[in-house]
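Colleague: Residue numbers (my numbering), protein chains in the order written: chain A, 147 to 520; chain B, 147 to 520. Glycine included, each C-beta is placed from N, C-alpha and C at the ideal position.
Protein chains: 2
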Amino acid sequence: MNFDLLSTDGAARLGTLETPHGTVRTPAFMPVGTQAAMKGVHWHEVREAGADIVLSNTYHLMLRPGAERIGKLGGLHAFMGWSGPILTDSGGFQVMSLSDLRKVDEQAVTFRSHVDGATVVLSPERAVDIQRLLGSDIAMQLDECVALPAERADLARAMNLSLRWAERCKRAFEPDLPSGRALFAIVQGGDVPALRRESAQKLVEMDFQGYAIGGLAVGEPQETMLAMIEETAPLLPEDRPRYLMGVGTPDDLLKSVARGIDMFDCVLPTRNGRHGLAYTRFGPVNLKNARHQEDPRPLDPESPCRIAREVPRAYLHHLVRANETLGAMYLSIVNIAYFQTLMQGVRAAIAERRFADHASAVTAGWSAGDLPAL
Amino acid sequence: MNFDLLSTDGAARLGTLETPHGTVRTPAFMPVGTQAAMKGVHWHEVREAGADIVLSNTYHLMLRPGAERIGKLGGLHAFMGWSGPILTDSGGFQVMSLSDLRKVDEQAVTFRSHVDGATVVLSPERAVDIQRLLGSDIAMQLDECVALPAERADLARAMNLSLRWAERCKRAFEPDLPSGRALFAIVQGGDVPALRRESAQKLVEMDFQGYAIGGLAVGEPQETMLAMIEETAPLLPEDRPRYLMGVGTPDDLLKSVARGIDMFDCVLPTRNGRHGLAYTRFGPVNLKNARHQEDPRPLDPESPCRIAREVPRAYLHHLVRANETLGAMYLSIVNIAYFQTLMQGVRAAIAERRFADHASAVTAGWSAGDLPAL
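Next comes the structure, spelled out in structure tokens:
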């Protein structure tokens with residue numbers, strides 16, 4: 147994997163990431179296909195919406211259909227029919243948030259599968275092995291992620307365990323490193339600046355191909371998240387990509403890019419699409435609202451997304467109210483496209499060194515109100 | 147509307163139906179978009195699968211979002227974004243099968259809306275008016291459909307009421323008949339040959355633009371259905387299309403075409419797709435079955451449908467087992483495409499006067515087993 151930093155504008159960075167399955171333009175937003183599928187969206191639609199790279203979840207795939215099975219079938223790219231780059235998380239976050247009866251010790255995390263109740267052991271070495279079987283272009287270290295608020299002692303313990311697991315993941319990953327594939331480390335430390343700095347410094351000493359900031363967007367206020375990015379990003383090497391995990395809203399993205407983040411992932415576009423919410427340059431539009439019921443206009447006549455540009459709001463409203471799958475399908479595409487258009491605008495603005503003005507203009511658009519009334 | 151009978155082969159008929167929104171090649175299978183949406187399928191995918199015409203349901207649309215609302219928004223074509231021909235049923239069948247507290251009298255059927263509990267009156271005149279507001283290319287008369295088995299007296303009463311309602315629909319429809327739009331009558335009479343014949347003869351005397359056979363596929367054996375078609379079809383005018391409502395399986399379609407039917411509609415392709423079943427030239431394939439879990443092969447390498455031709459069975463199995471929407475989306479497209487491919491084969495065979503041989507070969511394919519084992 148090769149990362150080229152093409153341009154900067156303040157702390158904001160424009161780059162490209164070369165992977166075995168193609169180039170990722172950064173700042174990049176990665177839509178999430180948790181179970182090797184994007185909910186309600188065809189893969190060609192993800193590509194057409196402008197996404198270079200997608201994320202899939204080790205935790206879900208190791209339980210069903212199983213990493214060995216996907217490996218035998220030629221890896222995740224062949225299995226699900228997405229030919230572009232794939233980043234997989236390590237399973238750590240989902241073990242904490244989704245599984246029962248988990249036990250973390252030095253060696254591994256042990257938990258009960260939500261699919262069949264089996265006891266599963268996930269060690270740093272196994273997490274790397276699973277991601278190798280999946281054929282991920284970018285693999286993540288196994289970490290322990292603690293929900294906020296949390297005690298400092300617990301945050302410190304988890305951060306230090308994650309450091310030792312980073313080292314073990316690196317040792318497991320590098321001996322037969324498949325050509326061009328990368329392993330990223332994850333900075334932990336909760337909302338404690340000193341822990342964040344210590345985590346970042348020690349991981350940088352270990353020399354990873356990329357660095358994620360994890361354990362944020364887990365219940366803390368946005369200011370805390372931004373403060374932790376500010377503590378961390380300046381310590382990370384300029385020539386490696388920086389990935390803020392599980393983030394976020396369009397506003398989170400702009401403010402994080404301004405602080406030096408290159409990559410994001412989040413389920414918001416598809417999850418909120420399923421709940422009747424459309425992201426637009428006018429801000430979020432709730433299609434459940436009765437004001438749309440006789441509105442023949444599209445969400446945004448100037449959108450690059452055909453559905454946002456052509457489908458009547460009245461029809462979207464009907465589909466959402468009638469609980470028709472097509473409503474979730476349409477709004478998920480609209481939202482994936484909006485997030486990609488947002489990032490495309492961000493990249494163009496950084497290239498022209500007008501990122502701050504651009505971000506202000508985008509933000510002002512969200513609060514200036516929807517399309518004028520008919 | 148204009149129907150051209152191009153060719154016959156035994157009782158099987160090849161034709162074209164010209165509507166204000168384009169030509170329908172018959173025999174035709176109409177996929178069903180009940181609530182102005184095809185469950186899990188984009189409209190362009192319905193077209194690409196080869197469908198010329200779709201069906202939507204008056205009963206659902208009159209309750210939500212309402213016929214006047216769709217009319218105000220430019221009709222169903224503009225509302226849902228399907229530019230081809232649309233046939234709408236009259237609501238009669240769904241009132242019987244879906245609504246509570248229904249009361250049928252000479253004037254109308256009165257029922258309680260399943261959406262908001264409101265009391266709704268549907269008369270023959272209102273059914274026609276609703277379908278005019280929807281902008282249907284083909285409207286259906288209001289009828290009373292009785293579930294089988296039923297007493298002869300009840301079947302006779304409902305058949306005679308449906309005849310009087312046919313007359314009222316015709317009177318309501320014709321004065322300001324929108325150019326090219328058609329109204330079809332519905333033959334009733336349950337499983338009683340004499341009632342079927344009487345219904346057909348009296349409707350033919352009224353001179354409709356097309357004739358449907360209703361009240362079948364409501365629980366009776368296939369032989370009964372085929373026997374009723376045999377009683378009815380020969381009485382219908384050669385130069386008018388014949389539509390068998392709510393039918394059916396691929397086998398039903400072949401056997402009904404052989405008895406002179408030109409049009410069909412059914413929810414089977416999408417409903418069974420949502421339940422993990424794929425229709426193929428090898429017969430139905432249940433993707434839930436564990437035998438597919440490591441099978442890298444597609445459903446059918448020779449299918450004209452890209453998904454049937456390319457997507458690994460192992461992935462389809464995973465999507466169905468993991469309850470991912472994409473599984474239902476894929477299998478619904480596969481099934482709509484299979485039904486359209488089936489009808490395309492039927493049309494080609496009638497044109498070449500080899501329909502009986504073709505139907506035998508297709509049927510033999512279903513029982514010859516799936517793709518050979520790897």
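Got a sec: is the Cβ-Cβ distance from A:A213 to anything in chain B below 8 Å?
Modeller: No, A:A213 lies away from the interface with chain B (no Cβ there is under 8 Å from its Cβ).
Colleague: Does the CB of B:G429 have a neighbour CB from chain A at under 8 Å?
Modeller: With 8 Å as the cut-off, B:G429 does not count as an interface residue toward chain A.
Colleague: Using a Cβ-Cβ cut-off of less than 8 Å, give me the residues of the stretch 432-450 of chain B that come near chain A, in sequence order.
Modeller: Within the stretch 432-450 of chain B, the qualifying residues are Q439, E440, P442.
Colleague: At a threshold of 7 Å, does B:G212 count as lining the ligand FMN (C-beta to nearest heavy atom)?
Modeller: No copy of the ligand FMN appears in this structure; indeed no ligand is present at all.
Colleague: Can you give, in chain order, each stretch of the beta strand (DSSP E) that sits fully within the stretch 218-277 of chain B and has at least 3 residues?
Modeller: Correct list: 232-234, 246-250, 255-258, 265-268.
Colleague: Taking the straight line between their C-alpha atoms, what separation do you get for A:L477 and A:G422?
Modeller: Roughly 7 Å separates the two Cα atoms.
Colleague: Are any of the Cβ atoms in chain B nearer than 8 Å to that of A:A470?
Modeller: Rather than Ala, the amino acid found at residue 470 of chain A in this sequence is Glu. Yes - at least one Cβ of chain B is within 8 Å of the one on A:E470.
Colleague: What separation, rounded to the nearest whole angstrom, lies between the Cα atoms of A:L160 and A:M409?
Modeller: If I take the Cα positions, the gap works out to 11 Å.
Colleague: How far does the alpha helix (DSSP H) with B:I375 in it extend, from its first residue to its last?
Modeller: Run containing B:I375: 368-378, per the alpha helix (DSSP H) assignment.
Colleague: In chain order, which alpha helix (DSSP H) runs of at least 4 residues are fully inside the stretch 442-509 of chain A?
Modeller: Qualifying alpha helix (DSSP H) stretches, in chain order: 452-456, 459-467, 471-497.
Colleague: Quick check on DSSP: helix, strand or coil for A:S513?
Modeller: A:S513: helix per DSSP, three-state reduction.
Colleague: Taking C-alpha atoms, which residue in B:A296, B:G491, B:V170, B:V200 lies nearest to B:E366?
Modeller: That would be B:A296, whose Cα lies nearest to the Cα of B:E366.
Colleague: Would you call the CB atoms of A:G336 and A:L279 closer than 8 Å?
Modeller: No. Outside cutoff.
Colleague: Does the Cβ of A:A264 have 16 or more other Cβ atoms within 10 Å, making it buried, or fewer, making it exposed?
Modeller: That one is exposed.
Colleague: At the 8 Å Cβ level, is A:N193 part of the contact set with chain B, yes or no?
Modeller: Per the sequence shown, the amino acid found at residue 193 of chain A is Arg instead of Asn. By this cut-off, A:R193 is not an interface position.
Colleague: Please list, in chain order, all residues of the same chain as B:L372 whose beta carbon is under 8 Å from its beta carbon, the five residues on each side excluded.
Modeller: Cβ neighbours of B:L372 beyond the five flanking positions: K401, S402, R405.
Colleague: Please determine, among B:M489, B:A312, B:A502, the residue with the shortest C-alpha to C-alpha distance to B:Q253.
Modeller: That would be B:A312, whose Cα lies nearest to the Cα of B:Q253.
Colleague: Rounded to the nearest angstrom, what separates B:P396 and B:H504 at their Cα positions?
Modeller: Cα-Cα distance, rounded: 13 Å.
Colleague: Taking all protein chains shown into account, decide if B:M90 is buried (16 or more other Cβ within 10 angstroms of its Cβ) or exposed.
Modeller: The shown model of chain B, from 147 to 520, leaves out residue 90 of chain B, and the question about it has no answer.
Colleague: Return the Cβ separation of A:I482 and A:V192 in integer angstroms, given the expectation that the two are a contact with Cβ distance under 8 Å.
Modeller: A:I482 to A:V192, Cβ: 6 Å. Contact.
Colleague: Below 8 Å CB to CB, which residues in the same chain sit around A:S325 once its five sequence neighbours on both sides are set aside?
Modeller: Around A:S325: P166.
Colleague: Under a three-way DSSP split, which group does B:C412 fall into?
Modeller: If DSSP states are grouped into helix, strand and coil, B:C412 belongs with the strands.
Colleague: From the DSSP secondary-structure annotation, give me the bridge partner or partners of A:Y357.
Modeller: Paired residues: A:A331, A:R388.
Colleague: Pair every Cβ in the stretch 231-247 of chain B with every Cβ in the stretch 203-218 of chain B, then say whether three or more of these pairs are closer than 8 Å.
Modeller: Judged by Cβ distances under 8 Å, the stretch 231-247 of chain B makes contact with the stretch 203-218 of chain B, as three or more pairs qualify.
Colleague: Count the other CB atoms, across all protein chains shown, that sit within 10 Å of the CB of B:G515; report buried if there are 16 or more and exposed otherwise.
Modeller: B:G515 should be labelled exposed.
Colleague: With distances taken between CB atoms, is the gap from B:Y389 to B:G419 smaller than 8 Å?
Modeller: Not closer than 8 Å, so no.
Colleague: Using the Cα positions of B:H188 and A:A460, report the straight-line distance between them to the nearest angstrom.
Modeller: So the alpha carbons of these two residues sit roughly 17 Å apart.
Colleague: Hey, is the stretch 220-235 of chain A in contact with the stretch 279-294 of chain A, meaning 3+ C-beta pairs nearer than 8 Å?
Modeller: Yes, they touch.
Colleague: Leaving aside the five residues before and after A:I276 along the sequence, list all residues of the same chain whose C-beta is less than 6 Å from its C-beta, in chain order.
Modeller: Within the same chain, A:I276 has close Cβ partners T204, M208, A213.
Colleague: Between the C-alpha atoms of B:P383 and B:A174, what's the straight-line distance to the nearest angstrom?
Modeller: When rounded, the distance between both Cα atoms is 18 Å.
Colleague: So B:N432 is in the beta strand (DSSP E); what residue range does that whole segment cover?
Modeller: 429-432 is the span of the beta strand (DSSP E), which, as asked, contains B:N432.
Colleague: According to DSSP, simplified to helix, strand and coil, what is A:N203?
Modeller: In the structure shown, A:N203 sits in coil (DSSP, three-state: anything other than H, G, I, E or B).
Colleague: Excluding the five sequence neighbours on either side, which residues of its own chain have a C-beta within less than 7 Å of the C-beta of B:L341, listed in chain order?
Modeller: The answer, listed in chain order, is L301, A302, M305, G335.
Colleague: Which bits of chain A does B:G220 rub up against, with CB to CB less than 9 Å?
Modeller: Here the neighbours are P442, P458.
Colleague: Starting from A:V192, follow the alpha helix (DSSP H) in both directions and report where the run begins and ends.
Modeller: From DSSP, the alpha helix (DSSP H) with A:V192 extends over 189-194.
Colleague: Could you check whether the Cβ of A:H223 sits closer than 8 Å to any Cβ belonging to chain B?
Modeller: Not one chain B Cβ lies under 8 Å of A:H223.
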